[in-house]
Amino acid sequence: MSEQHGQEDSKGLGKFGTRLIHFGAEIDKATGASSVPLYQASTFHHFSLDNPPEYDYTRSGNPTRQALEDYIAKLEGGTRGFAFSSGMAAISSAFMLLSSGDHVICTEDVYGGTYRLLTSILNRMGIETTFVDMTDIHQVRAALQPNSKAVFIETPSNPTLKITDIAELVSWAKQHELLTILDNTFMTPYHQRPIEHGVDIVLHSATKFLGGHSDLLAGLAVTAAESLGNRMKQIQNGMGNVLGVQDSWLLIRGMKTLQARMEMSEKGARRLAEWLSGQPGIEQVYYPGLPNHPGRDIHEKQSLGYGAVVSFDTGSGERAKKLLSKIQIPLVAVSLGAVESILSYPAMMSHASMPKEVRLQRGITDGLVRYSVGLEDIEDIIQDLEQALGD
Numbered sequence: 006m007s008e009q010h011g012q013e014d015s016k017g018l019g020k021f022g023t024r025l026i027h028f029g030a031e032i033d034k035a036t037g038a039s040s041v042p043l044y045q046a047s048t049f050h051h052f053s054l055d056n057p058p059e060y061d062y063t064r065s066g067n068p069t070r071q072a073l074e075d076y077i078a079k080l081e082g083g084t085r086g087f088a089f090s091s092g093m094a095a096i097s098s099a100f101m102l103l104s105s106g107d108h109v110i111c112t113e114d115v116y117g118g119t120y121r122l123l124t125s126i127l128n129r130m131g132i133e134t135t136f137v138d139m140t141d142i143h144q145v146r147a148a149l150q151p152n153s154k155a156v157f158i159e160t161p162s163n164p165t166l167k168i169t170d171i172a173e174l175v176s177w178a179k180q181h182e183l184l185t186i187l188d189n190t191f192m193t194p195y196h197q198r199p200i201e202h203g204v205d206i207v208l209h210s211a212t213k214f215l216g217g218h219s220d221l222l223a224g225l226a227v228t229a230a231e232s233l234g235n236r237m238k239q240i241q242n243g244m245g246n247v248l249g250v251q252d253s254w255l256l257i258r259g260m261k262t263l264q265a266r267m268e269m270s271e272k273g274a275r276r277l278a279e280w281l282s283g284q285p286g287i288e289q290v291y292y293p294g295l296p297n298h299p300g301r302d303i304h305e306k307q308s309l310g311y312g313a314v315v316s317f318d319t320g321s322g323e324r325a326k327k328l329l330s331k332i333q334i335p336l337v338a339v340s341l342g343a344v345e346s347i348l349s350y351p352a353m354m355s356h357a358s359m360p361k362e363v364r365l366q367r368g369i370t371d372g373l374v375r376y377s378v379g380l381e382d383i384e385d386i387i388q389d390l391e392q393a394l395g396d
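This is the structure we're talking about:
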């Protein structure tokens, strides 16, 4: 791996596990409370018109949300953090940095919601997209157009877990003055910090691993440069798609246990991927921690772990649906990254908005399922899968 999780932060904030707990707002300075207070207020009194308060209206800023935004900025090593009402709200807001007539180069097997945004909404606004296999830098270079303005990256990609060489792509993008945006949902800043590799904006569906408990909807964005942060702040305030106070507080609470959850879930995912690789009838297993994963060396260069998501192809839609009907431990549901395991069927869930022919071109077959490993005993998970896959 590229470095150790225990490496000291350059700003003197301690190692990552310590920074998760001691992030600057963990003790309320006014009362000494051990939890960030919930400022359940929509507006704030102006004690003096000559000296406007720091907060005047919660859409523009709220102390509880600000604590969360500062928290994620510190974890990702950026200058500014932003909390949105969902992961897609964060992604949409990042794309609002573009203008009509601009062109985007995007990971081809991207999350279905991102694909839907680009192909059914932003295209109507005059923003064009070319989807490419970003494991091949030559395809990325070939997609460059005179009006290209941004590169959108998922690594590992969702759901086939392809790996993009972040540093290589960013170096090329900077030569052409392209904005680089990376969805870091699967890895989280515990495993992967793209800003350290030169990425301009990092995004999260914080509904997933950061929240970790399937009880909130949230999106986060972090900017590398202060000037870019100022532009994102204008978009967040102007669009008003901010995260509410209660969910901001819940997300802060969930993030405190990120390291403990990720470590246990990843340990289980590695065991699951190895077991699946030896099972008859499983056509392919996608997990960057497997020795035969084509992107493993690149992933290890830029990430500190392999994550907790394992995708595998059961061979047919019929077999996948049989598995989903017989499985007992995981939720059969949309989403991932929770304390409970979640088994998803991309063809009818996360990527249902992607036309079938497009899905198949990207390796998202009718037999593909995605397993997000939770905190259950991994041997119970394997025993459950064994019975569900059996005839």
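Offset between the sequence shown (1-based) and my numbering: plus 5. In this text, a Cβ means the ideal position worked out from N, Cα and C, and glycines have one as well.
Using a Cβ-Cβ cut-off of 6 Å (strictly less than) and excluding sequence neighbours within five positions of threonine 185, which residues of its own chain qualify?
The residues are Val156, Val175, Ala178, Val204, Asp205.
For aspartate 318, list the residues DSSP reports as bridge partners.
Bridge partners of aspartate 318: Gln289, Leu373.
Below 8 Å, can you find three or more Cβ-Cβ pairs linking the region 55 to 68 to the region 214 to 223?
No, the region 55 to 68 does not touch the region 214 to 223.
Specify the secondary structure class of threonine 112 as computed by DSSP and reduced to three states.
Three-state result, threonine 112: strand.
Under 8 Å, with one C-beta from each stretch per pair, do the region 125 to 138 and the region 270 to 289 reach the 3-pair mark?
Cβ pair count under 8 Å is below three, so no.
Taking the CB atoms as reference points, tell me whether leucine 73 and serine 340 lie closer together than 7 Å.
Cβ atoms of leucine 73 and serine 340: not closer than 7 Å.
For the beta strand (DSSP E) containing phenylalanine 87, list its first residue and its last residue.
First-last of the beta strand (DSSP E) with phenylalanine 87: 85 to 89.
Between which two residues does the alpha helix (DSSP H) harbouring alanine 155 extend?
Where alanine 155 is concerned, there is no enclosing alpha helix (DSSP H), although the beta strand (DSSP E) it sits in stretches over 153 to 159.
With a Cβ-Cβ cutoff of 7 Å, do threonine 84 and glycine 234 count as a contact?
Result yes, Cβ atoms of threonine 84 and glycine 234 sit closer than 7 Å.
By the three-class DSSP mapping on this structure, what secondary structure does glycine 106 have?
DSSP places glycine 106 in coil when its eight states are reduced to three.
Leaving out the 5 sequence neighbours to the left and right, which residues in its chain are closer than 8 Å to threonine 48 when beta-carbon positions are compared?
The residues are Asp61, Tyr62, Thr63.
By the DSSP assignment, the beta strand (DSSP E) with aspartate 188 in it spans what residues?
It spans 184 to 188 - the beta strand (DSSP E) in which aspartate 188 sits, taken as one unbroken run.
So, for glutamine 264: in the same chain, excluding its five sequence neighbours on each side, which residues have a beta-carbon less than 8 Å away from its beta-carbon?
For glutamine 264, where only same-chain residues beyond five positions count, the Cβ hits under 8 Å are His10, Phe21, Gly22, Leu25, Tyr195.
Going along the chain, which residues of its own chain have a beta-carbon closer than 6 Å to the beta-carbon of phenylalanine 214, five neighbours each way excluded?
Result list for phenylalanine 214: Thr193, Gly342, in chain order.
What does a CB cutoff of less than 7 Å around proline 57 pick up in its chain, not counting 5 residues either side in sequence?
Within the same chain, proline 57 has close Cβ partners His51.
What are the boundary residues of the beta strand (DSSP E) that alanine 226 is part of?
Unbroken beta strand (DSSP E) run through alanine 226: 224 to 228.
By DSSP, does arginine 276 sit in helix, in strand, or in coil?
The answer is helix: DSSP assigns arginine 276 an H, G or I state.
Check the C-beta distance from methionine 260 over to methionine 101 and give it rounded, since I have them as a contact under 8 Å.
At roughly 26 Å, the Cβ-Cβ gap does not stay under 8 Å, so methionine 260 and methionine 101 are not in contact.
Would you mind stating whether glutamate 323 and glycine 379 have Cβ atoms separated by less than 7 Å?
Going by C-beta atoms, glutamate 323 is not nearer than 7 Å to glycine 379.
Rounded to whole angstroms, what is the Cα-Cα separation between alanine 148 and glycine 92?
Spanning the two alpha carbons is a distance of roughly 26 Å.
Tell me which residues share the same chain as arginine 266 and place their Cβ nearer than 6 Å to its Cβ, disregarding the 5 neighbours each side in the sequence.
These residues qualify, in order along the chain: Gly217.
Helix, strand or coil for leucine 263, going by three-state DSSP, please let me know.
In this structure, leucine 263 counts as helix in the three-state DSSP scheme.
Is the beta carbon of alanine 393 less than 7 Å from the beta carbon of leucine 328?
Contact: yes.
Between which residues of its own chain and glutamine 45 is the CB-CB distance below 6 Å, once the five residues before and five after are set aside?
The residues are Val250.
What is the DSSP secondary structure of tyrosine 62, reduced to helix, strand or coil?
Strand at tyrosine 62.
Among Asn189, Gly368, Leu373, Tyr76, which one has its Cα closest to the Cα of leucine 309?
Answer by Cα proximity: Asn189.
Can you tell me where the alpha helix (DSSP H) with valine 363 in it begins and where it stops?
From DSSP, the alpha helix (DSSP H) with valine 363 extends over 361 to 366.
Distance, Cα to Cα, glycine 106 vs lysine 79?
Cα-Cα distance, rounded: 34 Å.
Could you have a look at phenylalanine 3 and say whether DSSP puts it in helix, strand or coil?
Beyond the ends of the chain as shown, which are 6 and 396, falls residue 3; an answer cannot be given.
Would you call isoleucine 369 buried or exposed, if buried means 16 or more other Cβ atoms sit within 10 Å of its Cβ?
Buried: at least 16 other Cβ atoms inside 10 Å.
Specify, as a first and last residue, the run of the beta strand (DSSP E) that valine 207 falls within.
It spans 206 to 210 - the beta strand (DSSP E) in which valine 207 sits, taken as one unbroken run.
What's the gap between the Cα of leucine 365 and the Cα of glycine 118?
About 17 Å.
Considering only DSSP beta bridges, list what phenylalanine 136 is partnered with.
Per DSSP, Cys111.
Since isoleucine 168 contacts isoleucine 303 with CB under 8 Å, what's their CB separation in whole angstroms?
With a Cβ gap of about 5 Å, isoleucine 168 and isoleucine 303 count as contacting.
Would leucine 166 and proline 293 qualify as a contact pair, given that the criterion is a beta-carbon distance under 7 Å?
Against a cut-off of 7 Å, the Cβ pair of proline 293 and leucine 166 comes out as a contact.
Beta-carbon separation of glycine 283 and alanine 95 under 7 Å?
Contact: no.
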